[in-house]
Every structure is written in C-alpha cells, then in structure tokens.
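Below is one structure; the comments refer to it alone.
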Amino acid sequence: MLELLKTTGSKMSIVAKVYRGPIVDLTHIGHVAVVDCSGEILHSYGDAKRVTYIRSCAKPIQALVALESGAIDAYGVSEEELALLCASHNGEKVHTDMVKKILAKAGLGIEHLQCGTHDSLNPQIATLLKEEGGVLDNSNSNCSGKHSGMLLGTNYKNEDLENYLSISHPVQQRILQTLAEICEYDKKDIIIATDGCGVPVHALPLHKYAQGIAKLSLPEVFSNKRGQSVKRVIDAMVTYPYMVAGKDRLCTDLMSTCKGKLFAKLGADGYYAVGIIGKGIGLTFKCEDGSIPIVEALAVHTLYKLGYIDKKEFDALKKYHKIEVKNHRGEVVGHTDFDFKLN
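Residues in the sequence shown are numbered consecutively from 22, following our numbering.
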C-alpha cells in the first residue's frame with residue numbers, strides 16, 4: 022500500500038462516504054485542484070499535484086489543434102460541429118449523423134475512423150438502440166468527434182490518414198505541443214500511454230491541467246490569434262452543450278443550467294474539468310476508483326461550495342449530486358455524503 026501511494030502520489034483523502042443504513046459501507050478517495058491562470062493553487066483537497074491521465078478532458082485542446090490547423094474553416098465546419106469535436110457523446114442519432122456530416126465535408130467517411138465502438142455512455146440510450154436493432158459503428162464511439170477533428174487536420178495537411186493514432190504522427194505531435202504550451206508544462210514530462218479509443222493519452226499533474234483549463238476560460242491571456250481560436254472552441258461548447266455529451270449527462274446539463282458561466286468536460290475513469298468563464302479559474306477532479314457518478318457529484322459540490330454556481334443551479338442539478346443507494350426493488354436504503362473541506 023505504501024509503495025502504491027509513492028507511485029501515484031496519492032493521499033488518503035476521502036471525498037465521499039456511502040452509507041447503507043446507519044453505517045459507512047464504502048468510501049471514495051479523490052483529489053481537487055482549483056487554480057488560476059498563473060498556476061497558483063487557490064484551493065485543493067487531497068493531492069493537487071497527483072499525476073494522472075487527463076483522458077477525454079483533453080478534447081477541447083484537441084479540437085483547438087484541429088481549428089488552428091486551418092481545416093475547420095477550410096472544410097466549412099460549423100460551430101455546432103466544432104462542439105462535437107470536443108465531445109464524449111452518447112452516440113445518439115443527432116451525434117452520429119453529425120460525425121458523418123463532418124467527415125463528408127473533407128471527403129472522408131466512417132471507414133476512416135479508428136476509434137472502435139461501444140455501447141452508449143447513457144444506459145437508457147444503449148438499451149433503446151439494442152431494442153431498435155441498431156448496429157453500432159465507429160460513429161457511435163463517444164470519441165468519434167475527436168477522431169473526426171484529427172482526421173480533418175490530417176487530411177487538410179496531406180498527412181498519412183492510416184497512422185493518425187501514432188504518437189509519432191504530426192497531428193499527435195501538434196496536440197502534445199499545444200497541451201504543453203497551454204498548461205505551461207514541459208512536453209518531455211508529459212507521460213504518454215494509449216487511451217480507450219486508441220490515440221495517445223496524456224498524464225500530468227492535476228494542478229497543471231487545471232491551469233490550462235483556467236487559461237482556456239480567459240482567452241485574452243493568449244496571443245490574439247490563439248485567443249480567438251480558444252474563444253471559438255469554448256463558445257461552441259457552451260452554445261451547443263448537447264453536442265458535448267447528450268441526454269442525462271452532467272456536461273450538457275451543467276453548461277445548459279449555468280448559461281455561459283462555465284464549461285465542463287468529463288474524462289474516463291473519474292476525471293473531470295471545469296473552467297469558470299471570464300474568471301481565469303480552472304478546476305480538475307480525480308476519483309481514485311474511477312467512479313464517474315462520484316467525480317461528477319464532487320465537481321458539483323465543489324462548484325457550489327466555492328460560489329461558482331448558486332443554490333438554484335445546485336438544486337437544478339440534484340440528480341447528479343444527491344446519490345441515493347437503492348436496492349433491486351427500487352427502495353432507498355442508503356445515501357452518499359460529500360463532507361470534504363477544501364484547503
């Protein structure tokens with residue numbers, strides 16, 4: 022156990038206690054970093070410097086790389102379609118149809134996607150698709166928008182379409198360089214592995230990615246050209262939040278409820294990121310056991326504790342932050358407490 026803690030840099034920081042009846046049945050360990058554009062840690066809980074894979078929280082930066090390549094404007098990609106490039110979507114028809122439309126603008130098709138496929142991230146939609154007899158293809162992958170952006174940039178620059186997953190490919194090197202620049206973190210120190218969809222995934226300290234998110238929330242900290250591109254990406258997410266996730270997903274509902282106050286992005290295995298628009302503040306969250314419901318609730322509770330969302334908004338998001346324990350009969354037999362205190 023001690024060796025594991027040394028390896029991960031983790032601290033035993035309980036963010037949630039799950040009660041079944043009168044006693045604590047489960048605990049969840051997590052970390053929070055709240056950072057400004059300069060990199061100052063404003064608030065934290067647990068280990069704000071924990072090195073971890075940012076997973077799909079990288080998608081706004083990956084979409085930015087596609088935009089900066091010139092491909093988005095050259096192929097006439099709309100702002101709504103740009104939002105989909107940032108998505109971990111449900112694979113609803115509105116999402117899959119738009120993926121195909123985006124690729125077609127560059128003369129490409131779903132056969133060019135190498136992201137693989139999986140059931141919808143929304144279990145109800147996954148069940149519905151099965152009942153309808155639908156056959157999943159790569160456009161159903163929650164990462165198909167991200168891959169479409171990579172393909173558009175690759176195609177526009179006349180690069181190899183077959184090898185775009187490789188870290189040695191120019192598109193992946195552009196992403197790595199841009200991530201390092203925005204987070205002010207040496208790219209040689211970014212740890213690279215392979216994500217669920219096959220592309221490189223990046224690990225860096227929570228507080229450094231929070232700094233990057235903070236800067237994305239305040240585009241004027243960049244040069245004029247990059248600042249304009251950053252603003253377009255974030256505006257697209259906030260204006261078209263349904264494209265970023267979909268039905269009954271926190272990213273969509275949080276941005277819809279808060280109406281331009283923030284942008285939010287989920288990453289796999291218990292990672293979450295939020296930028297407070299116009300404030301230059303970024304928040305990153307990691308749940309050690311990878312629980313998506315717990316990290317999402319942790320994010321909402323933190324936003325409320327710090328006053329970034331108000332009581333009305335907090336109440337509107339109740340289904341995400343009030344986690345009940347139910348038995349197979351649908352009876353409530355326990356609850357989850359989020360009683361952590363930020364430093």
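From the three backbone atoms N, C-alpha and C, an ideal C-beta is built for every residue, glycine too.
Distance CB(residue i)-CB(residue j) smaller than 8 angstroms
i	j	result
V36	Y66	yes
H228	A79	no
I344	A320	no
M371	M276	In this structure the chain extends from 22 to 364, so residue 371 is not present and cannot be described.
K307	S77	no
H190	D181	yes
A92	L173	yes
L365	V254	With the chain running from 22 to 364 in the structure shown, residue 365 is simply not present.
I298	Y329	no
G219	Q135	yes
L149	N163	no
A337	T278	yes
Y325	L271	no
A366	T305	Here the chain comprises residues numbered 22 to 364, so residue 366 is not present and cannot be evaluated.
K327	H64	According to the sequence as given, residue 327 is Leu; it is not Lys. It is a contact, given that the beta carbons lie within the stated cut-off.
For residue i, three-class secondary structure by DSSP
i	result
F306	strand
G174	helix
I75	coil
E100	helix
V39	strand
V120	helix
A125	helix
L23	Per-residue confidence for L23 stands at a pLDDT of 36, beneath the threshold of 50, marking its modelled position as unreliable; the derived number appears in the next sentence. Helix at L23.
A201	helix
V115	helix
K70	coil
E345	strand
F335	helix
T28	Per-residue confidence for T28 stands at a pLDDT of 38, beneath the threshold of 50, marking its modelled position as unreliable; the derived number appears in the next sentence. Helix.
N364	coil
N163	coil
K268	coil
H139	coil
Whole-Å CB distance - residue i paired with residue j, under 8 angstroms assumed
i	j	result
V56	G303	5 angstroms
S90	Y185	Between Y185 and S90 the Cβ distance is about 12 angstroms, and since that is not below 8 angstroms, they are no contact.
A127	Y96	5 angstroms
I203	K252	Between K252 and I203 the Cβ distance is about 14 angstroms, and since that is not below 8 angstroms, they are no contact.
N161	T138	5 angstroms
I188	I213	6 angstroms
P226	V72	5 angstroms
G170	S238	Not really, about 21 angstroms apart at Cβ, beyond 8 angstroms.
H49	I315	5 angstroms
Which residues DSSP lists as bridging residue i, in chain order
i	result
T315	Sequence inspection shows Ile at residue 315; the Thr mentioned does not correspond to that position. I315 is not bridged to any residue.
G296	F284, G303
T215	P221
Residue span of the alpha helix (DSSP H) that contains residue i, given as start and end
i	result
I82	80-89
L233	The displayed chain sequence assigns Gly, not Leu, to residue 233. Segment 227-237, the alpha helix (DSSP H) holding G233.
I62	Careful: I62 lies outside any alpha helix (DSSP H), inside the beta strand (DSSP E) at 62-66.
N245	245-260
M276	271-279
K151	144-152
D207	Unbroken run through D207: none, as it is neither H nor E.
I93	92-95
Terminal residues of the beta strand (DSSP E) in which residue i lies
i	result
V354	353-358
V56	44-57
A285	283-288
Heavy atom of the ligand MG within 7 angstroms of residue i beta-carbon
i	result
I188	In the structure shown, the ligand MG is absent, as is every other ligand, since no ligand is present at all.
Residue-chain proximity (residue i, chain B), Cβ-Cβ < 8 angstroms
i	result
D216	Looking at the structure shown, chain B is missing, and only one protein chain is on hand.
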